[in-house]
């Protein structure tokens, strides 16, 4: 591909299909998914904020995770809806930078937050009687602040390095948002130093939290095995099962896309995985809304 002498001012998002009927179907599907995501996470956040009985470390982290999901899905879905029903598939260069920045920042923050939640689950299972003292409000706030700080510092590094690449004359992004792999595909050449930056950020944002989560769950398993009753083991495991599923699906998707060299990016396959963890994954976690409602109902019955 030849270098272009023109400055890239906008990109064209190819989306999923050019079939008008399929675009309309996708618009309805994504609108429904986005509406449920907004409604479910808003309900959960309101429940946690308004009911003092849910002011526990576990629900504090779940509330912050719901807030991240609201913001995360809003980075992508409105633009997806536009390109599904509009003939204008373009996104400005500045808009692409902003979308990539918030995508990287929120995604990295979620990685750190999931690691903090794994530690919280370990403390809750290992020291249930001292849970409140071991996880004070100040520590919970610090862990959330660290998650956001680390995530958005990584986003600054990644975005600044990506958008200083030399883009060639082809400005068509074979995806539904400005993700890193399709952007790298448009670069005239990718320096080894850029690939090193990607691996560095992957190590700090994904590999390190994954190791912390694995360590937490190894300790959790050791604690559960020491519980004598089967009912007690099942109850202990149920408190962290949904988090474990979330971690497996989310980290697995990210590692699949970003852990490979840029030369081996498969845009078609990556597009399907991306739509899972950016748009569909937040709605899968709405199980927490049901759990919060069930807990409120049980608390209301016990207080009656």
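In full-length UniProt numbering, the protein residues as written are 1 to 304.
Virtual Cβ for every residue (Gly too), placed ideally from N, Cα, C.
Keep in mind it's a predicted model, so treat the numbers as computed, not measured.
{"Item": "Residue closest to residue 118, alpha-carbon to alpha-carbon, out of 98, 103, 140, 133", "Value": "140"}
{"Item": "Sequence-distant residues of its chain with Cβ nearer than 7 Å to residue 308 (five each side left out)", "Value": "Limits of the chain in this structure are 1 at one end and 304 at the other, which puts residue 308 out of reach."}
{"Item": "Runs of alpha helix (DSSP H) lying entirely within the region 7–60, each at least 4 residues, in chain order", "Value": "20–50"}
{"Item": "Rounded straight-line distance, which links the Cα of residue 114 to that of residue 247", "Value": "7 Å"}
{"Item": "Three-way DSSP call (helix, strand, coil) for residue 90 in this model", "Value": "strand"}
{"Item": "Inter-stretch contact (C-beta, 8 Å, three-pair minimum) for the region 169–180 and the region 121–135", "Value": "no"}
{"Item": "Cα-Cα separation, residue 57 to residue 204", "Value": "25 Å"}
{"Item": "CB-CB length for residue 37 against residue 73, believed under 8 Å", "Value": "5 Å"}
{"Item": "For residue 67, the three-state DSSP class (helix, strand or coil)", "Value": "helix"}
{"Item": "CB contact flag (residue 122, residue 216, <8 Å)", "Value": "yes"}
{"Item": "Residue 103 vs residue 147 beta-carbon contact at 8 Å", "Value": "no"}
{"Item": "Residue 154, buried or exposed, once every other Cβ within 10 Å from all chains shown has been counted against 16", "Value": "buried"}
{"Item": "Neighbour-count burial assignment, residue 218, 16 or more Cβ in a 10 Å radius", "Value": "exposed"}
{"Item": "Cut-off 8 Å between Cβ atoms - residues of its own chain near residue 5, not counting five sequence neighbours on either side", "Value": "Here the model assigns residue 5 a pLDDT of 40, short of 50, so the residue's position is not dependable, and the following value carries that caveat. So no residue of the chain qualifies."}
{"Item": "Proximal residues to residue 162 (C-beta, below 7 Å), its chain only, five neighbours per side dropped", "Value": "100, 180, 183"}
{"Item": "Buried or exposed (CB count within 10 angstroms, at least 16 for buried), residue 77", "Value": "buried"}
{"Item": "Which of helix, strand or coil DSSP assigns to residue 213", "Value": "helix"}
{"Item": "Contact check, residue 93 vs residue 185, beta carbons under 8 Å", "Value": "no"}
{"Item": "Residue 75 versus residue 224 - alpha carbon distance", "Value": "39 Å"}
{"Item": "For residue 354, the nearest candidate out of 47, 13, 81, 20 (CA to CA)", "Value": "No answer is possible for residue 354: the residues shown for the chain start at 1 and end at 304."}
{"Item": "Alpha carbon of residue 27 to alpha carbon of residue 53, nearest angstrom", "Value": "39 Å"}
{"Item": "Proximity below 8 Å, CB of residue 66 to CB of residue 12", "Value": "no"}
{"Item": "Residues of its chain near residue 63, where Cβ-Cβ distance is below 6 Å and the 5 sequence neighbours each way are ignored", "Value": "45, 48"}
{"Item": "For residue 132, the first and last residue of its enclosing alpha helix (DSSP H)", "Value": "131–134"}
{"Item": "DSSP-derived helix/strand/coil call for residue 177", "Value": "coil"}
{"Item": "Residue 152, enclosing alpha helix (DSSP H) - first and last residue", "Value": "137–162"}
{"Item": "Residue 88 versus residue 143 - alpha carbon distance", "Value": "42 Å"}
{"Item": "Start-to-end residues for the alpha helix (DSSP H) that takes in residue 197", "Value": "192–202"}
{"Item": "Exposure label - residue 84; buried when at least 16 CB within 10 Å", "Value": "buried"}
{"Item": "Exposed unless 16 or more other CB atoms sit within 10 angstroms - verdict on residue 120", "Value": "buried"}
{"Item": "Cβ neighbour criterion (16 or more within 10 Å) applied to residue 3", "Value": "With a pLDDT of 42 at residue 3, under the threshold of 50, the modelled position of this residue cannot be trusted; read the value that follows with caution. Classification for residue 3: exposed."}
{"Item": "Cβ separation of residue 151 and residue 95, assumed to be a contact under 8 Å, to the nearest whole Å", "Value": "About 21 Å separates the two Cβ atoms, so there is no contact after all."}
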